[in-house]
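Heads up, the final residue of the sequence shown is numbered 1702 in the working numbering, and it's a clean run with no missing numbers. For glycine and all other residues, C-beta sits at the position ideal for the given N, C-alpha and C. Predicted model only: the values in this text are computed from it and were never measured. Take a look at the structure set out below.
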Amino acid sequence: MATTVPDTAEVELAIGGMTCASCAARIEKKLNRMDGVTATVNYATEKAKVHYSGDVSVPELIATVEATGYTAREPEPVRTGPEPGTEGAEPADELRPLRERLVTAVLLAVPVIAMAMVPALQFEYWQWLSLTLAAPVVTYAAWPFHKAALTNARHGAATMDTLISVGTSAAFLWSLWALFFGTAGTPGMTHPFELTIARSDGAGNIYLEAAAGVTAFILAGRYFEARSKRKAGAALKALLELGAKDVTVLRGGREEQVPVGELRAGDRFLVRPGEKIATDGTVVEGTSAVDASMLTGESVPVEVGVGDAVTGATVNAGGRLVVEATRVGADTQLARMAKLVEDAQNGKAAAQRLADRISGVFVPVVIALALGTLGFWLGNGAGLT
């Protein structure tokens, strides 16, 4: 008796809320635990490529990602031209909130670090000024880390945000204790910059420069990472927007101007001199020279006539042409070029797969080591100080 193999399908999901490679590893693990599902999640492109059987639906895949603490949606259809209504519009500055937090962190963290590292700057109440400057850094600027850590904790997970949040919070809270209940708040207290190891009760030590400095440093990394992602996405978007926006379709002997998205295979459309060819097709009337340099790099226009194939987004450099559309939308050569670029970005090298596996266990191991160290000292009679 032959067994039937369930049909498989493929979908690409846009993932939101990831902040580190361990986030991608968690989502990938959750998806791969579903029956009939094989998934690859790329943190750099924020995409998940999922192969699934007919017994699984896309809403179920999205629900699994959301249950892990992240967002997921199907990407918008491929558009080989400028989006209607966006001509001349300023693009949304998605980096602005992150940039504002980074600027705040850097401006406030620099004097905190300087006072902690340079004894000459430590005036009588310098530690209280450090507290005043560090507080907005650890609360406002570091809020994305705290928020992500809390979200992951609700789902029983720990990521790099957990380490950042716990580390900066511990340094800040200990400094508060030392200032208000220890000896660190004493006027004239100094914090010498030394590389020697000395045992003390810690009541006179503050670590505000560590809390503020780590926050500023990590925010800078996140900002430059986000900017790199944005540039990569902008390059792909620019490739897709090389296509025409409108097309003159011939219907019933009349010329009708319509958006390129309404063009269907088999439609005949007019291409005047200087216009972009709206989509892939075959010339049915007229002769001209077509500038295909954006595809081939050749600077010399190519002569075309009746029966010749032409490619969307190339420019009619000569006479009037009537073209019959053969491929539209995601089937065009331009869209397939963009898809190849996107697939290359979504792929994972062996080194990246290894890094993802390490990141999946790195955070739990670090937390376990920290708790183990604390337990060892407490078990040997050392107090909290």
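Can you list, in chain order, the residues of its chain with a C-beta nearer than 6 Å to that of residue i? Leave out the 5 residues immediately preceding and following it.
i	result
residue 1488	1524, 1527 and 1528
residue 1337	1476 and 1477
residue 1421	1458
residue 1696	none
residue 1531	1485
residue 1379	1389
Do residue i and residue j have their C-beta atoms within less than 9 Å of each other?
i	j	result
residue 1610	residue 1588	no
residue 1423	residue 1520	no
residue 1640	residue 1583	no
residue 1551	residue 1594	no
residue 1352	residue 1382	no
residue 1643	residue 1626	yes
residue 1603	residue 1623	yes
residue 1439	residue 1501	no
residue 1539	residue 1415	yes
residue 1580	residue 1564	yes
Starting from residue i, follow the beta strand (DSSP E) in both directions and report where the run begins and ends.
i	result
residue 1576	1571-1576
residue 1586	1585-1588
residue 1616	Residue 1616 -> no beta strand (DSSP E), and no H or E assigned at all.
residue 1563	1563-1568
residue 1359	1354-1359
Go ahead and label residue i buried or exposed: buried means 16 or more other beta carbons lie within 10 angstroms of its beta carbon, across all protein chains shown.
i	result
residue 1638	buried
residue 1691	exposed
residue 1405	Because residue 1405 sits at a pLDDT of 48, beneath the cut-off of 50, its placement in the model cannot be relied upon, and the following sentence gives the value as read from the coordinates. Classification of residue 1405: exposed, given that the 10 Å Cβ count is below 16.
residue 1349	exposed
residue 1442	exposed
residue 1693	exposed
residue 1410	exposed
residue 1614	exposed
residue 1333	exposed
residue 1388	exposed
residue 1345	buried
Tell me which residue opens and which closes the alpha helix (DSSP H) that residue i is part of.
i	result
residue 1382	1375-1384
residue 1418	1413-1434
residue 1448	1443-1453
residue 1530	1525-1557
residue 1345	1338-1349
Which same chain residues, not among the five before or five after residue i, have their C-beta less than 8 Å away from its C-beta?
i	result
residue 1703	Residue 1703 lies beyond the residue range present for the chain, which begins at 1318 and ends at 1702; the question has no answer from this structure.
residue 1480	1680, 1683 and 1684
Say the cut is 8 Å; is the CB of residue i nearer than that to a heavy atom of the ligand MG?
i	result
residue 1375	The ligand MG is absent from the structure shown, which contains no ligand whatsoever.
What does a CB cutoff of less than 7 Å around residue i pick up in its chain, not counting 5 residues either side in sequence?
i	result
residue 1636	1590, 1603, 1604 and 1605
**Item:** Given 8 Å, three or more beta-carbon pairs between the stretch 1352-1367 and the stretch 1482-1497
**Value:** No: fewer than three Cβ pairs fall under 8 Å.
**Prompt:** Touch check for the stretch 1566-1577 and the stretch 1443-1452: three-plus C-beta pairs under 8 Å?
**Reply:** Remark: fewer than three beta-carbon pairs, one from each stretch, lie closer than 8 Å, so the stretch 1566-1577 and the stretch 1443-1452 are not flagged as touching.
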